[in-house]
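Remarks on the structure that follows.
In structure tokens, the structure reads:
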């Protein structure tokens with residue numbers, strides 16, 4: 003009889019210790035969860051108070067259940083304590099992933115240029131063997147080229163002999179005519195030839211020997227984010243970089259050029275799309291006109307400065323994504339749905355799109371926003387597609403289904419996006435959305451023009467397909483942005 007009592011006493015002591023440890027762990031995780039939620043700066047004071055109150059109620063409830071004299075009630079308390087511990091632990095993990103992602107995408111890292119050494123296809127010489135041969139370089143990209151040359155000479159010894167050419171077209175012609183043995187050119191500069199008849203597949207005729215990443219050498223001043231808050235209108239340049247690499251800091255043509263004018267007071271956003279082929283002076287071209295897309299080769303500041311010149315406005319921030327990252331983001335979201343106005347076949351892929359709703363994975367969405375040849379309206383319709391996809395991504399991100407893909411989506415964002423929007427401003431926007439609720443009214447507009455063939459700053463010796471701006475649409479765009487800034491509620495003239 004005494005042994006039985008001792009056994010029960012021993013079990014009761016063990017159970018008490020286990021209960022105490024479980025409750026201590028529960029309290030620690032609960033406090034850590036609340037602290038982590040507060041550290042995001044995303045929650046309003048009301049939500050923080052509500053969250054703390056819910057956690058306190060849960061603590062009291064579990065404590066009461068665990069203190070019950072009935073074994074069944076205590077067991078229920080144990081189950082609930084375990085469940086809530088898991089919820090708090092996962093919540094802390096989700097918050098940490100979110101903060102890491104926010105810190106990563108808002109980091110200000112130096113822009114780079116991928117300078118590549120090319121030879122003719124079939125030339126199997128190594129870089130060391132090429133160092134003593136004549137090279138060709140671009141006269142319009144001397145600073146980045148000299149940085150790459152200095153790096154090559156330091157790594158491989160010797161002094162490179164090079165001749166400067168005025169355009170990528172002349173550079174490739176000189177290589178194929180054996181006037182030089184190799185060319186050193188930025189990948190973005192060479193990609194401008196994709197718009198030149200007979201040079202669309204130039205990369206298949208060349209062999210890449212080595213690529214050197216150098217810090218972007220530019221005279222453009224880095225953008226200094228202004229001190230803006232929710233009492234002011236915010237303008238953001240959204241750039242879709244043409245880079246096929248996973249390096250978000252690499253400069254390339256900007257094939258997506260959208261200005262988002264955001265008014266937190268009226269909860270309205272104007273998305274203004276400018277065609278990639280818009281024929282305008284670049285901020286670094288001394289008044290010589292070029293395709294807008296080529297501004298991206300000189301850095302995101304040049305794209306912003308060029309658009310500021312076009313619309314006589316000031317852009318506060320930038321938000322950029324490259325094509326490689328774009329594809330990964332769509333896949334991380336599990337695909338998106340877009341409503342195509344036309345049935346068409348992709349000119350540059352094997353994909354077919356139906357009129358109406360299309361479910362797109364990352365790759366299919368990429369070719370959807372890049373298509374222009376097989377569409378009525380060409381580049382203008384491509385702008386419509388770009389804004390459709392942006393809207394579809396926003397809808398998916400704001401839907402409850404994002405919770406099941408949260409971690410993979412956040413990890414994908416880290417390598418695909420960069421912005422100079424301050425994290426505290428992002429937090430303010432999130433708090434405002436949680437406090438106000440409801441949807442934002444998104445109005446879209448795109449400027450138009452007429453097709454032409456013109457010499458450009460980037461390719462001065464060949465007429466490229468460009469879009470000469472329709473100044474009346476540019477003036478309409480200016481007016482719409484001004485109305486947003488003046489707290490007026492607008493509708494799209496193209497609706």
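Residue numbers (my numbering): 3 to 497. We treat Cβ as the ideally placed atom computed from N, Cα and C, and that holds for glycine.
CB contact flag (residue 287, residue 298, <8 Å): As a position in the chain shown, residue 287 is number 285, starting the count at 1. As a position in the chain shown, residue 298 is number 296, starting the count at 1. No, Cβ-Cβ distance for residue 287 and residue 298 is not below 8 Å.
Terminal residues of the alpha helix (DSSP H) in which residue 240 lies: For the purposes of this step, residue 240 is identified with residue 238 of the chain shown, where counting begins at 1. First-last for residue 240: 236–243, but that is the beta strand (DSSP E), not the alpha helix (DSSP H).
Contacts around residue 480, its chain only, beta-carbon distance under 8 Å, and the 5 residues preceding and following it disregarded: Here residue 480 refers to the residue found at position 478 of the chain shown. So the qualifying residues of the chain are 313, 314 and 315.
Cβ contact (3+ pairs, closer than 8 Å) linking the stretch 473–490 and the stretch 197–208: no
Proximity to residue 190 [Cα-Cα], best of 422, 251, 347 and 177: On the chain shown, position 188 is the one that residue 190 refers to. Closest by alpha carbon: 251.
Residue 357, DSSP secondary structure in three states: As a position in the chain shown, residue 357 is number 355, starting the count at 1. Of the three classes helix, strand and coil, the one that applies to residue 357 here is coil, per DSSP.
C-beta atoms of residue 32 and residue 90 nearer than 8 Å: To locate residue 32, count along the chain shown from 1; it is residue 30. To locate residue 90, count along the chain shown from 1; it is residue 88. For residue 32 and residue 90, yes; Cβs fall inside 8 Å.
Cβ-based burial, residue 494 [other Cβ within 10 Å; buried from 16]: Here residue 494 is taken as the residue at index 492 of the chain shown, counted from 1. Its Cβ having fewer than 16 others within 10 Å, residue 494 is exposed.
Euclidean distance between Cα positions of residue 172 and residue 263: Taking the chain shown and counting its residues from 1, one reaches residue 172 at position 170. Taking the chain shown and counting its residues from 1, one reaches residue 263 at position 261. Computed Cα separation, rounded: 41 Å.
Alpha-carbon to alpha-carbon, residue 219 and residue 156: Position 154 of the chain shown, counted from the first residue, corresponds to residue 156. Position 217 of the chain shown, counted from the first residue, corresponds to residue 219. Those two C-alpha atoms are separated by around 19 Å.
Residue 262: first and last residue of the uninterrupted beta strand (DSSP E) it sits in: Position 260 of the chain shown, counting from 1, holds the residue named residue 262. Where residue 262 is concerned, the enclosing beta strand (DSSP E) stretches over 256–265.
Residue from 267, 92 and 363 whose Cα sits closest to the Cα of residue 233: For the purposes of this step, residue 233 is taken as residue 231 along the chain shown, with counting starting at 1. Looking at the Cα atoms, 267 is the closest of the given residues.
Distance, residue 275 Cα to residue 317 Cα: Within the chain shown, residue 317 is the residue found at index 315, counting from 1. Within the chain shown, residue 275 is the residue found at index 273, counting from 1. Roughly 14 Å between the two C-alpha positions.
Terminal residues of the beta strand (DSSP E) in which residue 281 lies: Within the chain shown, the letter at position 279 stands for residue 281. Where residue 281 is concerned, the enclosing beta strand (DSSP E) stretches over 281–283.
Spatial distance of residue 272 from residue 420 (CA atoms): For the purposes of this step, residue 272 is identified with residue 270 of the chain shown, where counting begins at 1. For the purposes of this step, residue 420 is identified with residue 418 of the chain shown, where counting begins at 1. Computed Cα separation, rounded: 21 Å.
Contact set for residue 238: own chain, Cβ-Cβ below 6 Å, skip 5 residues either direction: As a first step, residue 238 is located in the chain shown; it is residue number 236 there, counting from the start. Once the five neighbours on either side are set aside, the close Cβ partners of residue 238 are 262, 319 and 321.
Three CB pairs or more closer than 8 Å across the stretch 31–48 and the stretch 414–433: yes
Cβ contact (3+ pairs, closer than 8 Å) linking the stretch 384–404 and the stretch 437–454: yes
Under the three-state DSSP convention, the category residue 304 falls into: As a working mapping, residue 304 is identified with position 302 in the chain shown. In the structure shown, residue 304 sits in a helix (DSSP, three-state: H, G or I).
Residue 420 - containing beta strand (DSSP E), residue span: Residue numbering aside, residue 420 sits at position 418 when the chain shown is read from its first letter. That run of the beta strand (DSSP E) goes 419–421.
DSSP-derived helix/strand/coil call for residue 116: Numbered from 1 along the chain shown, position 114 holds the residue referred to as residue 116. Strand, per DSSP.
Those runs of the alpha helix (DSSP H) which lie wholly inside the stretch 87–175 and span at least 4 residues: 129–132 and 144–158
Environment of residue 254 [buried if 16+ CB atoms lie within 10 Å]: The residue labelled residue 254 in the question sits at position 252 within the chain shown. By the 10 Å Cβ count, residue 254 comes out buried.
Proximal residues to residue 48 (C-beta, below 8 Å), its chain only, five neighbours per side dropped: If you number the chain shown from 1, residue 48 lands on position 46. Around residue 48: 437.
Check whether residue 324 and residue 339 have beta carbons under 8 Å apart: If you number the chain shown from 1, residue 324 lands on position 322. If you number the chain shown from 1, residue 339 lands on position 337. No, the pair does not count as a contact, with Cβ atoms beyond the cut-off.
Residue of 62, 212 and 175 minimising C-alpha distance to residue 201: Here residue 201 is taken as the residue at index 199 of the chain shown, counted from 1. Considering only alpha carbons, the answer is 175.
Residue 270, buried or exposed, once every other Cβ within 10 Å from all chains shown has been counted against 16: Taking the chain shown and counting its residues from 1, the one referred to as residue 270 is at position 268. Residue 270 comes out buried.
Whole-angstrom distance between residue 284 and residue 146, CA atom to CA atom: The residue you call residue 146 lines up with position 144 of the chain shown. The residue you call residue 284 lines up with position 282 of the chain shown. When rounded, the distance between both Cα atoms is 18 Å.
Cβ shell of residue 98 (< 6 Å), same chain only, five flanking positions each side left out: As a position in the chain shown, residue 98 is number 96, starting the count at 1. Here the set comprises nothing.
Neighbour flag for residue 114 against chain D, beta carbons, 8 Å: Going by chain labels, chain D is absent from the structure shown, which holds only one protein chain.
Boundaries of the alpha helix (DSSP H) in which residue 286 is found, first to last residue: Taking the chain shown and counting its residues from 1, the one referred to as residue 286 is at position 284. Unbroken run through residue 286: none, as it is neither H nor E.
Short Cβ contact (8 Å threshold) for residue 149 with residue 85: By 1-based counting over the chain shown, the position of residue 149 is 147. By 1-based counting over the chain shown, the position of residue 85 is 83. Not in contact: residue 149 and residue 85 (Cβ atoms no closer than 8 Å).
CB contact flag (residue 375, residue 349, <8 Å): Counting from one through the chain shown, the residue named residue 375 turns up at place 373. Counting from one through the chain shown, the residue named residue 349 turns up at place 347. It is a contact, given that the beta carbons lie within the stated cut-off.
For residue 308 and residue 362, the rounded distance between their alpha carbons: Locating residue 362 in the chain shown gives position 360, counting from the first residue. Locating residue 308 in the chain shown gives position 306, counting from the first residue. Approximately 33 Å, taken between the alpha carbons.
Outcome for residue 465 when other beta-carbon atoms lying within 10 angstroms are tallied against a minimum of 16: Within the chain shown, the letter at position 463 stands for residue 465. Counting Cβ neighbours within 10 Å, residue 465 comes out exposed, since fewer than 16 surround it.
Three-state secondary structure assigned by DSSP to residue 459: One-based indexing of the chain shown puts residue 459 at position 457. Residue state, collapsed to three classes: coil.
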